[in-house]
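Below: the structure, in structure tokens.
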Amino acid sequence: MMTRRTWVVACVLATTVAVWASDAPDSSEPSDSSVIEAAPGDVVLLPCYSEGSVTPSRTRWMKNGNEAVPSGPGDGGSRVLVLGNGSLNFRTVSEGDEGVYLCEATLPGNMTWRARVLLQVASGPENVSLSIVPSTVLSNGTLVSHRGSGVSFHCVASSYPSQRLTWTFAGTSAGRGTPLASTASVPWLDFRLKDIQPAAQGVYSCVANNTLTHASANASAQLLVYYASERHPECSWLQSSDPTQVGFSCAWPGCYPDPELKWTQVGDGHGDGHGDGHGDGEGRVLASQVTSVLRVALNRSLLAGGQTLRCTAQHSALAAGREPSCYFKLEAPSPQVSPLAWVQEGKSVTLTCTEAASVPPANITWRRAAEGAALAPGPKYALSRDGATYSLTVANVSGADRGAYFCCGENALALRRAEVYLNVTAASDYTGVIVGVFIAALIIGLSAVVAKLLFANRHRVCLGRPFGPSGGDRGHVLSLVESDEEQIFQAVPRLPAVADARPTTLVQIHRLPSGEQEDTGKRDAGQVPPDLVTF
């Protein structure tokens, strides 16, 4: 099967033979033929008679059926001239001089010599260059694009008489370039990747090949595809064997290249955590490094409740102002307990403590003394945890177990204690308690009955007659009688003074008709008229 290159060579040879046949002054075969290659600007000599040192008496050069140069030796200023030995001399070959040249020389003895020379003028490829946009050039010349962006590849070269351009790609694991695009007889070649991905990073080359001389040249560039992780950074803490120290870790994997992570401390522990205590609004930088994981260790002297520790990630693939972050707002422990607990001797009791506010989480222990050692699990004590509730169970309680128990919460910020007092009672103590409760309830009930009676008879109590009959009232009584003609005042004799020295005066006012004036003296002084008004 004929390849494309073989086909091109065959076409060139067929064209050359046809040109030779058309340029021949007669049907005689040439005595000599040759092929000469030259580049623009070269000095070229096309030989005519090369069999000996005889100088032709007459030489004629033809190209495409036309005289190549005037017959005979040329002047010294001509670019193309015939030398004395019949050779055709090009002082400077230029584009367009290529073709089939036919020489006919007359030798001594009237002998004719014919020669054919194929002059090929070719140049390049040269000035091969490429560009990849958009991209950023690093200090070492490497180009950088960002994942997901559209990237255009442009290649240009110059070659005469024609060229073929090809884009190739060699990935990080590929040894040879893979063709991506190719074209012939054009000065440039472009292609585009709409959504570039990390797999597209590698070495891109533009190869230019001269279709006549098959000379080739190329230009290459290494392209890196940068990308940031689609997740947020993850902040965590690392507990230390020393409770006064803590390690904070910030991780942001999945980036290329590694991001720049920065730990900052914001707030002084007395505000809301949004100020930095230094007035610059950014906080104090604790650590900064180009890495995927950044750790920082801090002790209690550098920490306070209300502070905020923030990890900020920066990457060239992210626009300014879009840096992701994670943070902790530090809080000291705050254990919560019921201050008093009761248990009967010989029974078991469970003390509970709740702590869920500390950041980082506090280590919770139970102790018998504020500065004592932590209680360890065993036959006497059982420790358990349910979420944020920490329990201490004391088994077979005795009088020796009476006293204070401390729930201690400690993290890198502080140590906090909450006290529970355990009161242990004997079994007989509960009888006295029950009797005391009954008596107290009885007293409260009687007090309620008495208060109700007093409230129901409050007017008698206020008038000095708590619970006696109305006839027993004592005090001054004055009866006033109004008549149409005259006023009759009847004084009621003074009653004996009451024992409590709080006399009460009873005033009676009534109106009598004129016909009944005589009867007023006959009324019983102790009788109260129906329309009596009492004050």
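-12 is the number of the first residue of the sequence shown in my numbering; add one for each residue after it.
Just so it is clear, CB atoms sit at the ideal spot from N, CA and C, and this is done for glycine as well.
Values in this document were obtained by computation on a predicted structure and should not be read as measured data.
Could you give the residue range of the beta strand (DSSP E) that holds residue i?
i: PRO166; result: 165 to 171
i: GLY86; result: 86 to 94
i: ALA157; result: 150 to 158
i: GLU24; result: 19 to 25
i: TRP239; result: No beta strand (DSSP E) holds TRP239; DSSP gives it neither H nor E.
i: GLN184; result: Run containing GLN184: none; DSSP gives neither H nor E here.
i: THR376; result: 376 to 381
i: LYS367; result: Here LYS367 belongs to no beta strand (DSSP E), and DSSP marks it neither H nor E.
i: HIS201; result: That residue, HIS201, is in no beta strand (DSSP E); it is neither H nor E in DSSP.
i: LEU32; result: 31 to 33
i: THR337; result: 336 to 341
i: TYR408; result: 402 to 412
i: GLY396; result: 390 to 397
i: SER275; result: 271 to 277
i: LEU281; result: 280 to 286
i: SER74; result: It is not in any beta strand (DSSP E) - SER74 carries neither H nor E in the DSSP assignment.
i: SER223; result: 221 to 226
i: LEU327; result: 327 to 331
i: ARG45; result: 45 to 50
i: THR251; result: 247 to 253
i: LEU68; result: 67 to 69
i: THR571; result: Residue numbering for the chain in the displayed model covers -12 to 522; residue 571 lies beyond these limits and cannot be assessed.
i: THR352; result: 350 to 354
Around the Cβ of residue i, are there at least 16 other Cβ atoms within 10 angstroms (buried) or fewer (exposed)?
i: GLY59; result: Any reading at GLY59 must be qualified, since the residue scores a pLDDT of 46, below 50, and its modelled position is unreliable; no value is offered.
i: HIS133; result: buried
i: ILE431; result: exposed
i: VAL69; result: buried
i: ASP84; result: buried
i: GLN184; result: exposed
i: GLU38; result: exposed
i: GLY458; result: Below a pLDDT of 50, predicted positions are generally treated as unreliable, and GLY458, at 47, falls in that range; the measurement from the model is reported next regardless. With fewer than 16 other Cβ atoms within 10 Å, it is exposed.
i: VAL424; result: exposed
i: ILE351; result: buried
i: GLY164; result: buried
i: MET(-11); result: Residue placement at MET(-11) is flagged as unreliable, the pLDDT there being 39, under the threshold of 50; the coordinate-derived value follows with that caveat. Exposed is the call here.
i: ILE119; result: buried
i: ASN127; result: exposed
i: LEU75; result: buried
i: LYS249; result: buried
i: GLY71; result: exposed
i: VAL124; result: exposed
i: VAL520; result: Confidence is the limiting factor: at VAL520 the pLDDT is only 45, short of 50, which leaves the residue's position unreliable and the question unanswerable from this model.
i: LEU225; result: exposed
i: ARG218; result: exposed
i: ASP487; result: Note that ASP487 scores 47 on pLDDT, short of 50, meaning its location in the model is unreliable and no value can be drawn from it.
i: GLY260; result: Bear in mind that the predicted position of GLY260 carries a pLDDT of just 41, short of 50, making it unreliable; the figure below should be weighed with that in mind. Buried: at least 16 other Cβ atoms inside 10 Å.
Mind reading off the beta-carbon distance from residue i to residue j? Whole number of angstroms is fine, and I expect it under 8 Å.
i: VAL30; j: PHE77; result: 7 Å
i: TYR392; j: VAL411; result: Not quite, the Cβ-Cβ distance comes to about 12 Å (not below 8 Å), so this is no contact.
i: CYS394; j: VAL330; result: 17 Å between Cβ atoms; not a contact.
i: LEU180; j: THR129; result: No, LEU180 and THR129 are not in contact; Cβ-Cβ is about 17 Å, not under 8 Å.
i: GLY135; j: ASP177; result: The pair is not a contact, with the Cβ atoms about 21 Å apart (cut-off 8 Å).
i: ALA26; j: ALA109; result: 7 Å
i: ARG297; j: THR251; result: 5 Å
i: TYR36; j: LEU89; result: Contact doesn't hold; Cβ gap of about 13 Å is too wide.
i: GLU318; j: GLY292; result: 5 Å
i: ARG389; j: LEU409; result: 6 Å
i: GLU113; j: SER149; result: About 14 Å; that fails the 8 Å criterion.
i: SER312; j: ALA300; result: 7 Å
I want to check one thing, is the minimum distance from the CB of residue i to the heavy atoms of the ligand MN below 7 Å?
i: GLY189; result: With respect to the ligand MN, the structure offers nothing, as it holds no ligand at all.
Flag residue i as yes if its beta-carbon sits less than 8 Å from any beta-carbon of chain B, otherwise no.
i: LEU106; result: Although the question refers to chain B, the structure presented lacks it and comprises just one protein chain.
Checklist entry - Counting pairs of Cβ atoms below 8 Å between the region 39 to 56 and the region 17 to 26, do you hit three or more? => result no
Item to check | the region 267 to 280 / the region 234 to 243 touching (three or more Cβ pairs under 8 Å) | outcome: yes
Item to check | Complete runs of the beta strand (DSSP E) confined to the region 290 to 319 [at least 3 residues] | outcome: 295 to 301 and 312 to 316
Checklist entry - Is there contact here, the region 368 to 375 with the region 287 to 304, by at least three beta-carbon pairs under 8 Å? => result no
Checklist entry - For the 8 Å Cβ check, are there 3 or more pairs between the region 198 to 205 and the region 242 to 256? => result no
Checklist entry - Contact between the region 375 to 394 and the region 334 to 346: three or more CB pairs below 8 Å? => result yes
Checklist entry - Is there contact here, the region 172 to 180 with the region 223 to 234, by at least three beta-carbon pairs under 8 Å? => result no
Next on the checklist: Three or more C-beta pairs under 8 Å: does that hold for the region 357 to 371 against the region 327 to 334?
Outcome noted: no
Checklist entry - Curious, which full-length beta strand (DSSP E) runs of at least 3 residues does the region 89 to 147 contain? => result 98 to 108, 110 to 120, 130 to 133 and 138 to 147
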